[in-house]
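The sequence shown lines up with residues 1 to 725 when you count with the UniProt record's numbering. We put the CB at the ideal spot given by N, CA and C, even for glycine. To start, the structure itself, in structure tokens.
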Amino acid sequence: MLSPSTFLKRIPKWVNLKAFISSVSCTNTIQINPEINQNTPNFPDFDVKIQSLRNKLYPDNLIKVLKSTSDVNSAVKIFKWAALQRKFNHTADTYYWIIFKLGMAGNVEEMEGFCQNMVKERCTGEEDVLVSLVDAFVRNCRLNEAMRVLFNMNLAGIKPSIDVFNFVLGALVEEKRGFQDVVFVYKEMVKAGVAPSIDTLNYLLEVLFETDRVDSALDQYRRINKKGCRPDGKTFEIVIKGLIANDRVDDSVSILHEMLELGCLPELSFYRTTIPLFCREDRLEEGIRLFRKMKESNFTPDSFIYGALIQCLCKQLRLDEAVNLLEEMMESQLEGDNNVFVDVVNGFCKLGKINEAVKLLEDKHVLETSPHNALLRCCCDADKFLMAKGLLEKMSERNIDDCDSWNILIRWLCEREEMVKAYELLGRMIISSLIPDYATYSALVAGNCRLSKYEDALQLFLQLHAKCWILDPASYSELIEGLCRGEKYLEAVKVFCYMSENRCSLQSLPFIMLIKGICDMGMIGEAVRLQSLAYNSGTSCVNATYNYVMLRLSKSEQGRHVLAFLSRMLVQGGNLNTEAYCILIQSLIAQNRIKDCSMFLNVMINKGLVPDSDTLYNLLSCLAKHSQLYLISVSLDKLASDCEVLDSAMYNILINGMWKEGNKNDARRLLDLMLEKGWVPDAMTHGLLIGSADMEEKGEGMLAYVDLSTKDGVGDILAEGLGET
């Protein structure tokens with residue numbers, strides 16, 4: 001990247017950048033007063049400044065006036081007025097300030113016009129001025145203006161150096177301006193006939209990875225040598241980091257091997273970036289290899305690198321190596337964060353070496369709380385409560401305990417229903433001047449629920465509610481489940497609403513219990529509302545909850561709203577399973593919505609789902625009654641050939657119904673299938689198909705039989721119970 005000093009060497013002495021340009025960052029930029037109307041010149045100010053220049057119109061005086069003119073339009077009018085004066089010619093420095101002011105005001109089109117005029121007038125030093133403008137705009141975060149100046153330089157046949165292009169590219173990448181802007185500058189560079197440097201290609205690689213163009217980035221990496229460049233440490237850092245970020249870890253390892261084979265010696269930043277990345281992906285061997293190479297290059301690892309390696313070693317239970325690295329880090333006078341000791345303690349505990357973990361903290365004189373809390377958890381997880389209690393007492397004596405320390409033990413006691421001991425420990429905690437927090441209340445709530453003391457648990461929740469705290473997920477689920485088991489559904493609803501409003505999700509089982517209980521109380525509308533709250537809070541609404549609401553809704557006086565509920569369910573990400581389809585079809589039969597229930601059956605069969613026998617029987621009876629079996633003809637073919645769901649009663653309904661609808665060939669085919677299964681059709685069906693004159697006379701009686709079988713179906717019973725509107 002082109003450094004500021006490099007640019008300043010190219011900027012003429014008459015450009016006083018210190019007054020206008022930040023040399024540090026975009027946070028210290030030139031401020032254009034937003035209250036000034038930039039479209040309307042300040043005429044009194046304009047007239048005064050014109051008068052001051054009448055007898056003193058020299059470039060230096062004009063620059064002073066332009067710099068002191070806050071109104072951009074007034075500055076433009078002064079500049080144009082000066083151009084009309086006899087014996088006065090604008091110079092590159094006067095053009096610099098008017099172009100700079102216009103660019104800072106965002107008047108890009110007018111700014112470009114002055115760039116082109118300056119080139120046409122062949123002002124001395126025009127190239128240096130344009131380079132200085134690029135630099136100034138970049139430092140003031142006016143990247144669009146910098147890009148347009150570059151464009152106009154190309155247009156005028158002025159060839160900027162590669163450093164200028166890299167300076168703009170670096171700013172675009174740093175500001176994450178995206179692929180298009182970087183490509184625009186790169187194309188301008190190509191048009192100018194400027195060969196890229198490795199810095200140029202690194203910027204291009206970086207933006208390709210940032211915009212998920214991974215394959216294109218790898219292609220550019222492979223072509224670096226063809227462009228006359230050699231990849232450097234920054235190149236490998238960008239490629240390895242980009243590949244890992246896009247889940248291409250194996251490819252990143254291959255690139256690392258290429259780097260090592262080339263003998264590339266990267267800078268410190270490479271190691272600080274890549275070692276933690278490989279450790280995070282559990283590629284410990286690569287991390288250790290780079291760590292050794294880093295030390296061979298006389299770079300000193302920092303605590304961040306040590307911490308990443310120690311964490312990875314502990315994760316793989318290589319505790320001896322982890323402890324050695326920890327000691328090496330401490331000998332280097334580096335202070336790792338508490339997580340380093342937490343990782344080592346957890347590693348020892350996974351190996352069942354709790355005593356070694358205790359010894360480590362004592363030998364290293366660790367006085368931070370979090371590693372000791374990790375040790376307390378390990379003791380409790382291993383059911384070594386007495387050891388944990390002794391450790392807690394020592395922590396309290398050293399004044400390194402906190403609320404979490406006590407909560408760990410209280411939680412363990414509550415989960416084992418040792419509530420008396422839990423309250424005793426709580427009392428000691430309060431005596432130690434530690435105030436119970438949400439975790440304390442959560443533990444006590446869970447303990448009372450396990451003892452079926454749901455009223456006590458609810459009172460604890462109300463105290464927590466008054467403090468605007470929330471339960472932890474496990475205690476939340478236990479409280480809802482406990483209240484439901486105690487048939488305190490309304491209380492459970494209040495808990496659920498409060499927690500959902502605080503974006504807390506609930507486990508599936510207690511939510512199913514809650515929905516079922518509310519539906520059984522006849523509060524269908526409340527159940528629907530709870531599902532909306534669940535969706536918004538991240539609670540998983542499994543099929544069982546939707547199906548239960550749909551079933552109760554279909555059997556209520558609000559059954560006509562079942563399709564509206566279905567729409568809501570689909571919007572919330574619910575899926576229809578076999579049970580849901582059957583509930584829908586039964587509900588639509590009850591509402592006499594023939595086409596709708598036929599449509600759902602066809603969709604169901606196309607998905608490979610088969611309705612239960614009761615649902616299918618009721619639907620076939622309903623369609624036969626209304627002479628609309630043809631609506632499901634394709635599905636019937638699949639049912640008859642692919643599954644055993646059709647029984648003899650259904651075959652009789654289908655054969656009679658198809659004959660009634662005039663589909664005699666299909667009726668005979670079904671009779672053949674029925675006989676192949678060894679079933680004997682009833683007398684009316686048999687007589688109808690063999691053309692018996694007696695049965696033809698009894699045709700009306702046969703149809704009466706079909707109506708009778710339909711009337712006894714579930715659909716009609718539901719319709720009678722619901723009442724049709």
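Does the distance from the CB of N339 to the CB of G287 come in under 8 Å? Position 339 of the sequence shown, counting from 1, holds the residue named residue 339. Position 287 of the sequence shown, counting from 1, holds the residue named residue 287. No, the Cβ-Cβ distance between N339 and G287 is not below 8 Å.
Through-space distance from E206 to C123, alpha-carbon basis: By one-based count along the sequence shown, residue 123 stands at place 123. By one-based count along the sequence shown, residue 206 stands at place 206. Cα to Cα, C123 sits roughly 38 Å from E206.
Going by the CB atoms, is the gap between I410 and L425 shorter than 8 Å? Walking along the sequence shown from the start, residue 425 turns up at place 425. Walking along the sequence shown from the start, residue 410 turns up at place 410. Contact: yes.
Cα separation between L551 and S567? As a working note, residue 551 is residue 551 in the sequence shown. As a working note, residue 567 is residue 567 in the sequence shown. Cα-Cα distance, rounded: 15 Å.
I need the straight-line Cα distance from L284 to S540, nearest angstrom please. Residue mapping note: residue 284 aligns to position 284 of the sequence shown, counting from 1. Residue mapping note: residue 540 aligns to position 540 of the sequence shown, counting from 1. Cα-Cα distance, rounded: 37 Å.
Taking the continuous alpha helix (DSSP H) assigned at I512, which residues delimit it? Looking up residue 512 in the sequence shown gives position 512. For I512, the enclosing alpha helix (DSSP H) stretches over residues S508 to D520.
Using the rule of at least 16 other Cβ atoms within 10 Å of the residue's Cβ for burial, across every protein chain shown, is T300 buried or exposed? If you number the sequence shown from 1, residue 300 lands on position 300. When all chains shown are included, T300 counts as exposed.
Coarse secondary structure for S532, derived from DSSP in three states: Here residue 532 refers to the residue found at position 532 of the sequence shown. Of the three classes helix, strand and coil, the one that applies to S532 here is helix, per DSSP.
In three-state DSSP terms, what is P681? In the sequence shown, counting from the first residue as 1, residue 681 sits at position 681. In this structure, DSSP gives P681 a state outside helix and strand, which the three-state scheme calls coil.
N665 by DSSP, collapsed to three states: which one? For the purposes of this step, residue 665 is taken as residue 665 along the sequence shown, with counting starting at 1. The answer is helix: DSSP assigns N665 an H, G or I state.
Just to confirm before moving on: does the CB-CB distance between I50 and T94 stay below 8 Å? For this step, residue 50 is matched to residue 50 along the sequence shown. For this step, residue 94 is matched to residue 94 along the sequence shown. For the 8 Å CB-CB criterion, I50 and T94 do not form a contact.
Along the alpha helix (DSSP H) that carries Q220, what are the first and last residues, could you check? Position 220 of the sequence shown holds residue 220. Where Q220 is concerned, the enclosing alpha helix (DSSP H) stretches over V214 to R222.
Is T440 helix, strand or coil by DSSP? Residue mapping note: residue 440 aligns to position 440 of the sequence shown, counting from 1. Helix at T440.
Cβ shell of N502 (< 7 Å), same chain only, five flanking positions each side left out: As a first step, residue 502 is located in the sequence shown; it is residue number 502 there, counting from the start. I470, listed in sequence order.
May I have the straight-line CA-CA distance separating L584 from I512, to the nearest angstrom? Along the sequence shown, one-based indexing puts residue 584 at 584. Along the sequence shown, one-based indexing puts residue 512 at 512. Between the alpha carbons of L584 and I512 lies a distance of about 20 Å.
List in chain order: all unbroken alpha helix (DSSP H) runs of 4+ residues lying wholly within the UniProt repeat "PPR" (267-301). The qualifying runs are 268-280 and 284-296.
In whole angstroms, what separates the C-alpha of M650 from that of E281? To locate residue 650, count along the sequence shown from 1; it is residue 650. To locate residue 281, count along the sequence shown from 1; it is residue 281. Cα-Cα distance, rounded: 60 Å.
Taking three-plus beta-carbon pairs below 8 Å as touching, is the segment 95-102 in contact with the segment 124-139? yes
Would you check if the segment 436-447 and the segment 395-405 touch, i.e. whether three or more CB-CB distances between them fall below 8 Å? Yes, they touch.
Is the segment 187-196 touching the segment 213-223 in the sense that three or more CB pairs, one from each, lie closer than 8 Å? Fewer than three Cβ pairs drawn from the segment 213-223 and the segment 187-196 lie within less than 8 Å of each other, which leaves the two stretches out of contact.
Would you call V634 buried or exposed, if buried means 16 or more other Cβ atoms sit within 10 Å of its Cβ? For this step, residue 634 is matched to residue 634 along the sequence shown. The residue in question, V634, is exposed, as its Cβ has fewer than 16 Cβ neighbours within 10 Å.
Does the separation of the CB atoms of I255 and L265 fall below 8 Å? In the sequence shown, residue 255 corresponds to position 255, counting from 1. In the sequence shown, residue 265 corresponds to position 265, counting from 1. With a cutoff of 8 Å on beta-carbon distance, I255 and L265 are scored as not near each other.
Collapsed DSSP secondary structure at Q116 in the structure displayed: Sequence index remark: in the sequence shown, residue 116 carries index 116 (1-based). Reduced to three states, the DSSP call for Q116 is helix.
Whole-angstrom C-beta distance between Y476 and M499, which should lie under 8 Å: Counting from one through the sequence shown, the residue named residue 499 turns up at place 499. Counting from one through the sequence shown, the residue named residue 476 turns up at place 476. Their Cβ separation, rounded to whole angstroms, is 6 Å, which keeps M499 and Y476 in contact under 8 Å.
Since A422 and G447 should fall inside the 8 Å C-beta cutoff, what is the C-beta to C-beta distance between them, to a whole number of angstroms? To locate residue 422, count along the sequence shown from 1; it is residue 422. To locate residue 447, count along the sequence shown from 1; it is residue 447. At roughly 6 Å, the Cβ-Cβ gap stays under 8 Å, so A422 and G447 are in contact.
Considering S322, what are the terminal residues of the alpha helix (DSSP H) in which it resides? Here residue 322 refers to the residue found at position 322 when the sequence shown is read from its first residue. Correcting the residue type first, residue 322 is Ala in the shown sequence and not Ser. That run of the alpha helix (DSSP H) goes L319 to E331.
Output the distance between the C-alpha atoms of L483 and Q572, rounded to the nearest integer angstrom. Residue numbering aside, residue 483 sits at position 483 when the sequence shown is read from its first letter. Residue numbering aside, residue 572 sits at position 572 when the sequence shown is read from its first letter. Going from the Cα of L483 to the Cα of Q572 covers about 26 Å.
Reference A667, options V183, G678 and L654, closest by Cα: Taking the sequence shown and counting its residues from 1, one reaches residue 667 at position 667. It is L654 whose Cα lies nearest to the Cα of A667.
Here's the rule I'm using: 16 or more other beta-carbon atoms within 10 Å means buried, otherwise exposed. How should H372 be labelled? For the purposes of this step, residue 372 is taken as residue 372 along the sequence shown, with counting starting at 1. It is buried - the Cβ of H372 has at least 16 other Cβ atoms within 10 Å.
Which term fits Y58, buried or exposed, when burial requires 16 or more other beta carbons within 10 angstroms of its beta carbon? As a first step, residue 58 must be located in the sequence shown, where it is residue number 58. The residue is exposed, with fewer than 16 neighbouring Cβ atoms inside 10 Å.
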